[in-house]
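Numbering (the working numbering), first residue to last: -18 to 1237.
Each remark here refers to the structure printed beneath this line.
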């Protein structure tokens, strides 16, 4: 390959770029590229201009670098060269070429072919473009060889000596590529790879061939000055395909693009009628009427559908209103014509506004937000389509040369079939009738293809099309309806940030639940600021739509719309805003001093500490106060984001230094520098605390999918060591935070291998949401901690996930769950599809597996999660979720009453020890016949129910609620609102949550049904002997409310078995036990579900795929295999046996020591867990006979008989078998001898086990 210099083409100040073709190019190889990059004109001073020509197929890569003398990376120039500002207004081009025989500078020459050696050649230029198959470069006048940087290296030297070059050479550029494109056009779009490092502070557009590269992460400009500039993402291009259009986009013929409105033949007649009515009204001078009509009918770009749809009176009203706005504008001091018109009805709307193309409207009516709130994003059964047009020309008048009209037309959809299958994709079935009549054949084909992809994906599908003979690009985005509220207006802010405007926009709805937005984009020529070429801008926009989809309307959207922060910076700020709300150290050192001064074991002291803690957490920093502080410091957000991006935006496989060195300009600050910067910038302690939390966020973050090309939510994996020990005494092992447009969620675990359910928390109103948001993390921590203690009989530790739906998204539980699961999987699975799921920066550095299960509001979502894990090729998909349907090998807890079986053993144990007749025990239960635990408790009960509380209200009968009617409701899984009231006695009553001023049989009046429901369990009714909470919010009984259940120093409820997790706080439990209540806490009572889940996983690990399907999966005929039925029965017996063992151990130890049962439950759990870990790491595991003997007892007998111990030991991972070995021995020892055994107790215990092993 040879780099040749073209002829001199100009010698003067106004040089023009002229192509110099060195060879004849056949038409089949023709490819257009780019006409101009960055520098529109040559230097002003006379200079001798040359054109250098290089065959495109010989270029490895091309890099365009804006010249910044201070920030130039050392690889551009020899290290010792001193730079000046003489080229400050020009660009530097860097070529990466195979070794060549000759270079522009004769003194730089290489002899022969150098194999795997490469040349890096850089110089200043004014123009670079491609024509045919040749790259043409017009260099800036070079005075000496020092103006050209030159290096030579070999690929073998890269890992050790020239790592930055490796990153450059691995950099691959491609056309816009999303998951939709990869699936739809595999023959057009090469593998997309965003994996290289570029030094920050250098805005680069790179061109490379389609040669294969290793998949790496990328970084681009992450530091920039404030203002409306591209977000810090790289811009990618590719050398065009020979038969392509130069950028990988499909080309649409302009005649077939978009929509063709049916011709309105009555348009002229309508104009005549409109003219007459306007003339008669006399609002518009007669001599101006024709001009106004011509402008409205022919110059605003409104299609005939509007005129055919609207009445003459409506058109007259619109024209008159617009004219009135012009007259009103004339009276303004600034003479600006702000023409604003809105006409809204239940099924139709029109909005007309003036705006400047390419600029987001911050003030005013903000019609796009308005039509979203009223028509696009509502939960109404109605759906609406939108058409929007911008007038081709600008308005006339003083200072209005840049302003044009934007019109929005909203129509209610009339679907061909309003209730098709969600997987239906035929346009003739799912389309709106107006769309079918207006859209061209080409548009129908585009929509059909993109809908096919959208129905099978969780996130958005994005396509870009070139329009023949036009500078417009057509951007099409499809996603599930109402999964990205605010997307329409957010897209406007996004493309405006790149200096792009839209001529037309369409929002189409389809009855299968898919929304498609189609935008026609072009450069906004009225803007004074310079922006990248349209091709680059569109590429960036498409990449950032995935990020925008995650949070379309972030809390700092106004800072993005105004150009003060980029999209990535504002969404980063939004995520940290969520983080700060949960983890700001609100208690402070004073609280720690108070804890050391008081004794929490003293009830009065504990109550004081609890009250102060609760008040400090709720009153010091509200979410609005935190938002206000962050909004006041966008410059700090920018610097903190730079630190975040510098760590997580860059990685290359095999490249240990995960980020290149910060720019010498110093704008990527170290943590110490950030700390100092925050201290200098903020004005008070509160501001410093909030902004310091950004540093904690950055420093604790181990990995994130923030920069993954395709995602549906943002997931963050933290090292939880930043949590203060005084608030969270048991250290967490792992923490995930997930933020979606509908919710926020956590996943916490106390061991590497851990199991726990995922629950969705809903809020009845905004007040309830605020309370739930404040307590969310603490609740999650408490649930996971309880799970850890509950899991003492099984190999897995404790974990829990909590998803809190936003206040206005209470119907989005399934959507939030799907996004939560998919985004966490982004952090668990290695990337399998370059350009779709790229490598991430993983500071954790080890493979992680999470085991999950059903919980509140997620039981019907487990199958989806299992299938989704299989679809994403997770090797652990069978064991990812437990409680799945039997067809997938699951053992549903609710169907078989697994949790209830454990709770019932404790209830029956109390009756057995006290010799009570269950039928004479009066029972209260929270969590009604509609719940998993509540329904099974009713079905297995033989007590006399006197009261039941559920989501619908309270049901009471002092004579005993009809048990048969309760069991009918429990079988149907419905609330007590459906109870047959004729089966209550004369003393019985029901109060529903929506009722007010209800008079009870005893004469009391209940003013508010919801309040009565929420506090009924605290009322002294003298109707309860045994209380079994099977549902309800955590901390329903706490230290401040427990006294309502204590009368004259004695508990009004003699027996409590806590089925619902965390229903009673620990301090309240101790107070009740001190008052004589026999109480068994949740960690002991409801462990049946986790035991079932663990044994379900064990079966999936023990069977091979074929054996699992044959023995554990219910067939399509609904018939369960005989092994499955028998295995379920054995699981139930194991659950009951474990519950009896623990019940007896706690009862016995309480009788001996008088220690409260709630304390003993925790003591036993800690003792078992501690011994379990010691046993797993001891040499006992190496004793083969002991190992096999223990496993023979610990494993279900049916598995041993069906598969055999040797096969199970081969298939089940060694660390999982160790966990079984340790947990079985530890639990049996502690249950047998107690939590404080004698010195030789374990020796005696193991001696018996060893002897038994040898005898077998």
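Where is the CB? At the ideal position from N, CA and C, for every residue including glycine.
Everything numeric in this text was worked out from a predicted model, so none of it was measured.
Is it the case that the Cβ atoms of residue 724 and residue 630 are separated by a distance below 8 Å? To locate residue 724, count along the chain shown from 1; it is residue 743. To locate residue 630, count along the chain shown from 1; it is residue 649. No.
Residue 1030 and residue 1049 closer than 8 Å at C-beta: Residue mapping note: residue 1030 aligns to position 1049 of the chain shown, counting from 1. Residue mapping note: residue 1049 aligns to position 1068 of the chain shown, counting from 1. Not closer than 8 Å, so no.
Can you have a look at residue 538 and say buried or exposed, based on whether 16 or more other CB atoms are within 10 angstroms of its CB? Taking the chain shown and counting its residues from 1, one reaches residue 538 at position 557. Classification for residue 538: buried.
When you compare each of 1114, 1141, 1230, 1120 to residue 1161 by their alpha carbons, which one comes out closest? By 1-based counting over the chain shown, the position of residue 1161 is 1180. Measuring from the Cα of residue 1161, the nearest candidate turns out to be 1230.
According to DSSP, is residue 499 helix, strand or coil? What you label residue 499 is simply residue 518 of the chain shown in a count that begins at 1. Of the three classes helix, strand and coil, the one that applies to residue 499 here is strand, per DSSP.
For a test of the three-state rule: what should DSSP assign to residue 1090, helix, strand or coil? Within the chain shown, numbered from 1, the residue matching residue 1090 stands at position 1109. Here residue 1090 sits in helix by DSSP.
What is the DSSP secondary structure of residue 1234, reduced to helix, strand or coil? On the chain shown, position 1253 is the one that residue 1234 refers to. Looking at residue 1234 - three-state DSSP - the assignment turns out to be helix.
Could you give the distance in angstroms between the alpha-carbon of residue 735 and the alpha-carbon of residue 1181? Within the chain shown, residue 735 is the residue found at index 754, counting from 1. Within the chain shown, residue 1181 is the residue found at index 1200, counting from 1. Those two C-alpha atoms are separated by around 24 Å.
Tell me the DSSP secondary structure of residue 639 in three-state form. Here residue 639 corresponds to residue number 658 of the chain shown, with the count starting at 1. For residue 639, the predicted model reports a pLDDT of 33, less than 50, meaning its position is unreliable and no value from the coordinates is stated.
Quick one: what does DSSP say residue 956 is sitting in, helix, strand or coil? One-based indexing of the chain shown puts residue 956 at position 975. It is coil, neither helix nor strand.
Is residue 614 helix, strand or coil by DSSP? Residue 614 sits at position 633 when you count from the first residue of the chain shown. Coil, per DSSP.
What residues in its chain sit with their C-beta under 7 Å from that of residue 1032, if we drop five residues either side in the sequence? Numbered from 1 along the chain shown, position 1051 holds the residue referred to as residue 1032. The answer, listed in chain order, is 1026, 1053, 1056, 1057, 1058.
Would you check if the distance between the CB atom of residue 854 and the CB atom of residue 813 is smaller than 8 Å? Position 873 of the chain shown, counting from 1, holds the residue named residue 854. Position 832 of the chain shown, counting from 1, holds the residue named residue 813. In contact: residue 854 and residue 813 (Cβ atoms closer than 8 Å).
What number of angstroms, rounded off, separates the C-alpha of residue 260 from the C-alpha of residue 331? Sequence index remark: in the chain shown, residue 260 carries index 279 (1-based). Sequence index remark: in the chain shown, residue 331 carries index 350 (1-based). Distance between the alpha carbons of residue 260 and residue 331 is about 24 Å.
Alpha carbon to alpha carbon, what distance is there between residue 908 and residue 833? If you number the chain shown from 1, residue 833 lands on position 852. If you number the chain shown from 1, residue 908 lands on position 927. C-alpha separation (whole angstroms): 23 Å.
Over the uninterrupted alpha helix (DSSP H) stretch that includes residue 894, give me the two end residues. As a position in the chain shown, residue 894 is number 913, starting the count at 1. Note, residue 894: alpha helix (DSSP H), 879 to 895.
DSSP beta-bridge partners of residue 697: Reading the chain shown from its first residue, position 716 is the one you call residue 697. For residue 697, which the question treats as bridged, DSSP gives the partners 685, 718.
Run through the DSSP bridge pairs and tell me what residue 441 is partnered with. Looking up residue 441 in the chain shown gives position 460. Per the DSSP secondary-structure output, residue 441 pairs with nothing in a beta bridge.
In angstroms, rounded to a whole number, what distance separates the CA positions of residue 1283 and residue 705? There is simply no residue 1283 to check, as the chain begins at -18 and stops at 1237 in what is shown.
According to DSSP, what are the bridge partners of residue 863? Position 882 of the chain shown, counted from the start, is the residue given in the question as residue 863. For residue 863, which the question treats as bridged, DSSP gives no partner whatsoever.
Could you tell me how far apart the beta carbons of residue 872 and residue 1109 are, in whole angstroms, since I believe they sit closer than 8 Å? Indexing the chain shown from 1 puts residue 872 at position 891. Indexing the chain shown from 1 puts residue 1109 at position 1128. Between residue 1109 and residue 872 the Cβ distance is about 6 Å, and since that is below 8 Å, they are a contact.
Quick one: what's got a C-beta closer than 7 Å to residue 765's C-beta in the same chain, skipping five residues either side? The count along the chain shown starts at 1 and reaches residue 765 at position 784. Excluding sequence neighbours, residue 765 sits near 729, 730, 731, 737, 779, 780, 781.
Who pairs with residue 925 in a beta bridge, going by DSSP? Counting from 1 along the chain shown, the entry for residue 925 is found at position 944. Answer is 903, bridged to residue 925.
Closest Cα partner of residue 365 within the set 336, 480, 395: The residue you call residue 365 lines up with position 384 of the chain shown. When only C-alpha atoms are compared, the closest one is 395.
Residue 325 bridges to which residues according to DSSP? One-based indexing of the chain shown puts residue 325 at position 344. Paired residues: 330.
With residue 777 and residue 1075 assumed to form a contact (beta carbons below 8 Å), what rounded beta-carbon distance in angstroms separates them? Stepping through the chain shown from its first residue, residue 777 is reached at position 796. Stepping through the chain shown from its first residue, residue 1075 is reached at position 1094. The pair is a contact, with the Cβ atoms about 6 Å apart (cut-off 8 Å).
By the 10 Å Cβ neighbour count, where 16 or more other Cβ atoms means buried, how is residue 675 classified, buried or exposed? Reading the chain shown from its first residue, position 694 is the one you call residue 675. Counting Cβ neighbours within 10 Å, residue 675 comes out buried, since at least 16 surround it.
Per DSSP, what kind of secondary structure is residue 649 in: helix, strand or coil? The residue labelled residue 649 in the question sits at position 668 within the chain shown. If DSSP states are grouped into helix, strand and coil, residue 649 belongs with coil.
Endpoints, the beta strand (DSSP E) within which residue 1038 is located: Counted from its first residue, the chain shown places residue 1038 at position 1057. Counting along the chain, the beta strand (DSSP E) containing residue 1038 begins and ends at 1036 to 1038.
Does DSSP classify residue 977 as helix, strand or coil? Position 996 of the chain shown, counted from the first residue, corresponds to residue 977. Here residue 977 sits in coil by DSSP.
Please confirm whether residue 915 and residue 925 have their CB atoms less than 8 Å apart. The sequence position of residue 915 within the chain shown is 934, counting from 1. The sequence position of residue 925 within the chain shown is 944, counting from 1. Not a contact, by the Cβ cut-off of 8 Å.
Quickly, what does DSSP pair residue 1241 with across the bridge? List them, please. Outside the modelled stretch of the chain, which goes from -18 to 1237, sits residue 1241, for which no answer is possible.
Identity of the residue in 1028, 997, 1212 nearest residue 1017 by Cα: For the purposes of this step, residue 1017 is taken as the residue at position 1036 of the chain shown. Nearest C-alpha to residue 1017: 997.
contact_flag[the segment 876 to 894, the segment 1116 to 1128] where n(CB pairs < 8 Å) is 3 or more: With the cut-off at 8 Å, the segment 876 to 894 and the segment 1116 to 1128 touch.
In whole angstroms, give me the CA-to-CA distance for residue 576 and residue 590. The residue you call residue 576 lines up with position 595 of the chain shown. The residue you call residue 590 lines up with position 609 of the chain shown. Taking the straight line from one Cα to the other gives about 7 Å.
Tell me the DSSP secondary structure of residue 755 in three-state form. Residue numbering aside, residue 755 sits at position 774 when the chain shown is read from its first letter. Reduced to three states, the DSSP call for residue 755 is helix.
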